[in-house]
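Heads up, the sequence shown is in numbering that gives the first Met the number 0, so the first residue is 0 and it goes up one at a time.
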Amino acid sequence: MGAGGFLGTKLVKILSEHHEVYPFYHGKEPKVDITQIQDIQKIIDVKPNIVIHAAGMTNVDLCETYKELAEKVNVAPMHSIVEACNKTKAKLVYFSTDFIFDGEKGMYKEDDTPNPLGYYALTKLKAENILKEKSDDYLILRVVVLYGYNGDNSERSYVNWVVNSLSQGKEIKTYTDQYGTPTLTDDIADAVNLLTKNDCKGVYHVAGAQRLTRYDMAIKIAEEFNLNKCLIKPILMKDLNLPAKRPKDSSLSIEKLKKQGILMHTFEEGIKIMRHQTK
Ligand SMILES: NC(=O)c1ccc[n+]([C@@H]2O[C@H](COP(=O)([O-])OP(=O)(O)OC[C@H]3O[C@@H](n4cnc5c(N)ncnc54)[C@H](OP(=O)(O)O)[C@@H]3O)[C@@H](O)[C@H]2O)c1
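And the structure:
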């Protein structure tokens, strides 16, 4: 599910090289609307070994404003999705977020205590808890600020926003006090491939190997893509009055992932890979 999303598009492309993939989209056929119980039957019909759930309402501020809708899309469907997977004995791979942590500590491990600051994060944590309680075989993969190349630069990702704005000569304001471990979507696809191959279960942090602020990211993007750094203006999170509160430092530790022999790229390496794919 969510095959047409930012991450879903990359997963379909890379996992198709190793597996028989049956993508389900939201806006086009073959279609699955996860809020419709009868649509979940379509998943069972393909008799999958693994179900990958990358669908959801992902706009943090919209979730804060439309809480009921966020609950309807991000939480309620989990019950029927888990039941369907249990019935077919399929492993369920679910994507969660660094935002389930409050950002006071940083470099969070899988068993650190979550404390969501906003409603989007709360829905993701509720979904995680349904999986932990009801699923017979699951992987919860927590990812952070996704970036990657999907064939054009029009998608909503922080890296694309910076590249597009600077290319058009537009000034951008970005935070010097919000830290994360941005994650290359190609790395996530490789991690899904290996974790499922090794029949791993439970929670894994699948994040980039480098902790940096949004401002540092923008500077590195400008350097890699040869764009004008002077257009990047530093601001603090409190300077923008957005509906949803964000964690200050929601960087994730990937020690557990490394023990499976899975290596993630640094941000510098990742944007280099992305730029080469753009050519
Ligand atoms: N992007 C990030 O930086 C980030 C960071 C941390 C965690 N994550 C998590 O990673 C996962 C993938 O994120 P993403 O960036 O790829 O999100 P995305 O681009 O917004 O993709 C989500 C997909 O879900 C679809 N969708 C929405 N409502 C649906 C419904 N009722 N039934 C079926 N599909 C529905 C959307 O379709 P429409 O476009 O047609 O609505 C879209 O294709 C999500 O679980 C997200 O919470 C993302």
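Using N, Cα and C, we set each Cβ at its ideal position, and we do this for glycine too.
Report the rounded CA-to-CA distance for residue i versus residue j, giving the unit in angstroms.
i: Lys255; j: Tyr203; result: 7 Å
i: Ile253; j: Ser134; result: 24 Å
i: Pro47; j: Lys88; result: 8 Å
i: Glu28; j: Glu268; result: 36 Å
i: Thr195; j: Glu70; result: 28 Å
i: Ala206; j: Thr182; result: 5 Å
i: Glu132; j: Lys228; result: 48 Å
i: Asp186; j: Leu138; result: 16 Å
i: Glu170; j: Asp38; result: 44 Å
i: Pro76; j: Gly55; result: 10 Å
i: Thr265; j: Asp198; result: 26 Å
i: His52; j: Phe100; result: 21 Å
i: Asn192; j: Leu14; result: 7 Å
i: Leu124; j: Val72; result: 13 Å
i: Lys9; j: Met273; result: 12 Å
i: Leu241; j: Glu127; result: 25 Å
i: Thr277; j: Gly26; result: 25 Å
i: Lys108; j: Asn114; result: 13 Å
i: Met216; j: Glu223; result: 11 Å
i: Ile218; j: Ile43; result: 46 Å
i: Tyr24; j: Val11; result: 11 Å
i: Asp136; j: Gly1; result: 20 Å
i: Leu230; j: Gly150; result: 26 Å
i: His275; j: Lys257; result: 26 Å
i: Ile36; j: Lys66; result: 21 Å
Excluding the 5 residues flanking residue i on each side, which residues of the same chain have their C-beta closer than 6 Å to its C-beta?
i: Lys172; result: Lys232, Ile234
i: Arg213; result: Thr173, Tyr174, Gln177
i: Cys282; result: Shown here, the chain extends from 0 to 278; a query on residue 282 therefore has no answer.
i: Gly102; result: Pro246, Lys247, Asp248, Ser249
i: Ser95; result: Lys123, Glu127, Ile139, Arg141
i: Met106; result: Ser250, Ser252
Can you round the beta-carbon distance between residue i and residue j to whole angstroms, since I take them to be within the 8 Å contact cut?
i: Val158; j: Ile270; result: 7 Å
i: Arg141; j: Leu251; result: 6 Å
i: Asp97; j: Gly179; result: 6 Å
i: Gly117; j: Ala243; result: 4 Å
i: Leu130; j: Tyr93; result: 6 Å
Enumerate in chain order the residues of its own chain whose CB-to-CB distance from residue i is below 8 Å, with the five nearest sequence positions on each side excluded.
i: Ile220; result: Val158, Val161, Val162, Leu165, Leu226, Ile270
i: Asn58; result: Tyr119
i: Gln40; result: Ala83
i: Lys104; result: Asp111, Asp248
i: Met236; result: Tyr174, Asp176, Gln177, Arg245, Lys247
Leaving out five residues on either side along the sequence, give the residues of the same chain with a beta carbon under 7 Å from the beta carbon of residue i.
i: Val45; result: Tyr21
i: Leu121; result: Pro115
Handout entry: Cβ contact check for the segment 142 to 151 and the segment 4 to 14: 3 or more pairs under 8 Å
Key = yes
Problem - Given 8 Å, three or more beta-carbon pairs between the segment 256 to 267 and the segment 64 to 81 - result: no
Exercise for the section: Report yes or no: do the segment 60 to 78 and the segment 11 to 24 share at least 3 C-beta pairs separated by less than 8 Å? Expected result: no
Handout entry: Completely contained beta strand (DSSP E) runs for the segment 96 to 165, where each covers 3 or more residues
Key = 137 to 142
Handout entry: alpha helix (DSSP H) runs wholly inside the segment 23 to 71, at least 4 long, in chain order
Key = 36 to 44, 59 to 64
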